[in-house]
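All remarks here apply to the structure that follows.
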Amino acid sequence: MVCNMVESKTLQFSSKGNCDIIDITPQVGQAIDECGVDSGTVTVFITGSTAGVTTVEYERGLIGDLEKLFERIAPGNIPYGHDARWGDGNGHSHVRASLLGASVVVPFNNKRLMLGTWQQIIVIDFDNRPRNRTVMLQIMGE
Amino acid sequence: MVCNMVESKTLQFSSKGNCDIIDITPQVGQAIDECGVDSGTVTVFITGSTAGVTTVEYERGLIGDLEKLFERIAPGNIPYGHDARWGDGNGHSHVRASLLGASVVVPFNNKRLMLGTWQQIIVIDFDNRPRNRTVMLQIMGE
Amino acid sequence: MVCNMVESKTLQFSSKGNCDIIDITPQVGQAIDECGVDSGTVTVFITGSTAGVTTVEYERGLIGDLEKLFERIAPGNIPYGHDARWGDGNGHSHVRASLLGASVVVPFNNKRLMLGTWQQIIVIDFDNRPRNRTVMLQIMGE
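So the sequence lines, in the order shown, correspond to chains V, C and F.
Counting from 253, one number per residue, gives the positions in the first sequence under the working numbering.
Counting from 253, one number per residue, gives the positions in the second sequence under the working numbering.
Counting from 253, one number per residue, gives the positions in the third sequence under the working numbering.
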């Protein structure tokens with residue numbers, strides 16, 4: 253009988269903010285390679301409230317298209333209650349992050365992430381300034 | 253060898269609907285405290301199709317900003333096919349909920365949720381009337 | 253002492269693309285029925301970068317309402333950098349998929365999915381042509 257396991261890994265990197273989009277697929281794949289779990293799920297969770305996680309075909313055209321999408325639905329140049337109260341100027345960053353979501357859960361089998369050929373795991377940093385970012389990988393399985 | 257465990261917990265509360273935003277972080281943290289699992293993930297899942305789950309810096313300014321975001325992208329005062337067919341008047345609630353998503357998965361280690369300092373777990377109730385709500389917490393780990 | 257288990261199941265089906273919305277709840281429920289796990293979570297993950305996964309009350313009105321929602325926030329008839337670079341004509345499909353997300357995690361207990369009465373698990377295929385689709389179900393629990 254095989255028992256399941258939990259392994260945690262922390263990714264740390266710097267971002268430029270302002271819709272900086274970072275492909276973390278290689279780091280997630282490496283964590284799967286190095287851990288003691290063969291098959292299961294990796295929960296990719298970004299700590300902080302001005303960045304989100306999702307998947308995309310990581311290529312320059314779509315990087316710009318995603319930035320325009322978020323500018324359409326949560327423009328940077330309209331008033332936000334958060335900015336009126338706290339003066340951070342990043343109200344748009346917060347609501348974009350909440351809409352996108354802080355976690356994505358990706359299955360893997362025999363050490364291989366079950367991603368599509370043109371599907372990468374990304375962090376979008378919506379904040380209005382450069383940031384140091386922490387992504388938690390919680391790897392669970394057997 | 254440590255074996256993994258599954259523990260379920262149900263949160264129940266009432267909401268005012270109409271984009272009522274409820275911080276459930278204390279209840280999720282208490283469930284982690286009280287369960288037999290030290291490290292793993294908690295899947296926060298809202299049953300029902302007119303509410304969603306995400307994370308945010310829970311403060312009054314952003315509460316209003318999130319409401320305005322959803323009013324921009326899925327206004328309450330435009331026609332919806334759902335309302336034409338069923339007369340519920342909550343077509344906007346359903347599409348907002350589908351876009352936001354019903355689940356978020358949060359890692360925890362040594363009984364501590366891996367949230368950022370200003371990052372809370374919230375339910376947004378998009379329905380057009382007060383509701384009693386049920387959130388399922390599925391805690392898994394070892 | 254009960255040990256956890258991981259079971260993988262692949263769903264394959266064809267879609268019409270262009271915001272085709274497919275209810276996969278019966279297939280997910282069947283996978284839970286047939287697997288060796290009684291309680292835990294099922295991670296529903298779509299491989300590929302032009303489709304997403306979420307939950308909805310699956311009825312004809314909302315199917316059309318969701319399509320209109322995505323047409324509002326990521327219209328098909330505006331320029332996309334992805335299309336300029338690659339000529340695929342599906343830039344809108346990619347950004348919609350990234351926004352919606354590739355995974356949803358649904359708890360189940362005693363073989364029963366913890367969904368609301370009117371809450372189904374769906375795939376939305378945003379691509380601009382018919383596709384064969386693969387959904388990975390990673391079932392974990394005990």
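The beta carbon of each residue, even a glycine, is placed where N, CA and C say it ideally should be.
Residue i classed as buried or exposed, judged by whether at least 16 other C-beta atoms fall within 10 angstroms
i: V:Val387; result: buried
i: F:Asp285; result: exposed
i: V:Met253; result: Its pLDDT being 44, under 50, V:Met253 is placed unreliably in this model, and the coordinates cannot settle the point.
i: F:Thr299; result: buried
i: C:Gln371; result: buried
i: C:Gln390; result: buried
CA-to-CA distance, residue j to residue i, given in whole angstroms
i: F:Ser266; j: F:Arg383; result: 6 angstroms
i: V:Gly316; j: V:Phe378; result: 13 angstroms
i: C:Arg381; j: V:Lys261; result: 42 angstroms
i: C:Leu352; j: F:Gly353; result: 9 angstroms
i: V:Val258; j: C:Asp340; result: 44 angstroms
i: C:Glu319; j: V:Ile276; result: 31 angstroms
i: F:Ala326; j: V:Leu321; result: 7 angstroms
i: V:Asp272; j: V:Gln264; result: 15 angstroms
i: C:Asn342; j: V:Gly288; result: 47 angstroms
i: F:Phe297; j: C:Val280; result: 25 angstroms
i: C:Met366; j: V:Ala283; result: 18 angstroms
i: V:Lys268; j: F:Pro278; result: 44 angstroms
i: C:Arg385; j: F:Ser355; result: 23 angstroms
i: C:Ser301; j: V:Ile274; result: 32 angstroms
Candidates the options, of which the one nearest residue i by Cα
i: F:Arg364; options: F:Glu319, F:Leu318, F:Lys320, F:Gly393; result: F:Gly393
i: F:Thr369; options: F:Tyr310, F:Phe297, F:Gln279; result: F:Tyr310
i: F:Arg324; options: F:His344, F:Trp338, F:Asp340; result: F:His344
i: C:Arg337; options: F:Asp340, F:Ala354, F:Gly313; result: F:Gly313
i: C:Gly328; options: C:Ser355, C:Leu389, C:Asn270, C:Ile391; result: C:Asn270
Proximal chain F residues relative to residue i, where beta-carbon distance stays under 7 angstroms
i: V:Asn308; result: Here residue 308 of chain V is Val; the residue named in the question, Asn, does not match the sequence. Those within 7 angstroms of V:Val308 in chain F are Ser301, His346, Ser350.
i: C:Ala326; result: Leu321
Within chain V, partners of residue i - CB distance below 7 angstroms
i: F:Thr295; result: Thr293, Val357, Pro359
i: C:Gly316; result: Gly333
Within chain V, the residues that residue i reaches when beta carbons sit closer than 9 angstroms
i: F:Val305; result: In chain order: nothing, as chain V lies at least about 11 angstroms away.
Chain C residues whose Cβ lies nearer than 9 angstroms to that of residue i
i: F:Arg383; result: Near F:Arg383 there are no residues of chain C at all, since even the closest Cβ is about 20 angstroms away, more than 9 angstroms.
i: V:Met366; result: Going along chain C, no residue has its Cβ under 9 angstroms from V:Met366, so there is no contact; the nearest lies around 16 angstroms.
Cross-chain neighbours of residue i in chain C, by beta carbon under 8 angstroms
i: F:Gly313; result: Tyr332, Gly333, His334, Asp335, Ala336, Arg337, Trp338, Gly343
i: F:Gln371; result: Thr299, Gly300, Ser301, Ala354
i: F:Ile288; result: In the sequence as presented, Ile is not what sits at residue 288 of chain F; that position holds Gly. Going along chain C, no residue has its Cβ under 8 angstroms from F:Gly288, so there is no contact; the nearest lies around 14 angstroms.
i: F:Gly393; result: Val258, Met392
Partners in chain F for residue i, counting only beta-carbon separations shorter than 9 angstroms
i: V:Glu259; result: By Cβ distance, chain F contributes nothing, its closest Cβ being about 14 angstroms from V:Glu259, past 9 angstroms.
Scan the region 335–362 of chain C for residues whose Cβ lies nearer than 9 angstroms to a Cβ of chain D and list them as they occur along the chain. Judged by its chain identifiers, the structure shown contains no chain D, and its protein chains are V, C and F.
Are at least three pairs of beta-carbons, each pair with one atom in the region 285–293 of chain V and one in the region 338–349 of chain V, less than 8 angstroms apart? No: the two stretches stay apart, fewer than three of their Cβ pairs being nearer than 8 angstroms.
Any chance the region 352–364 of chain C sits against the region 329–337 of chain F, with 3 or more Cβ pairs inside 8 angstroms? No, the region 352–364 of chain C does not touch the region 329–337 of chain F.
Contact between the region 368–376 of chain C and the region 296–305 of chain C is defined here as three or more beta-carbon pairs at a separation below 8 angstroms; is this criterion met? The region 368–376 of chain C is in contact with the region 296–305 of chain C.
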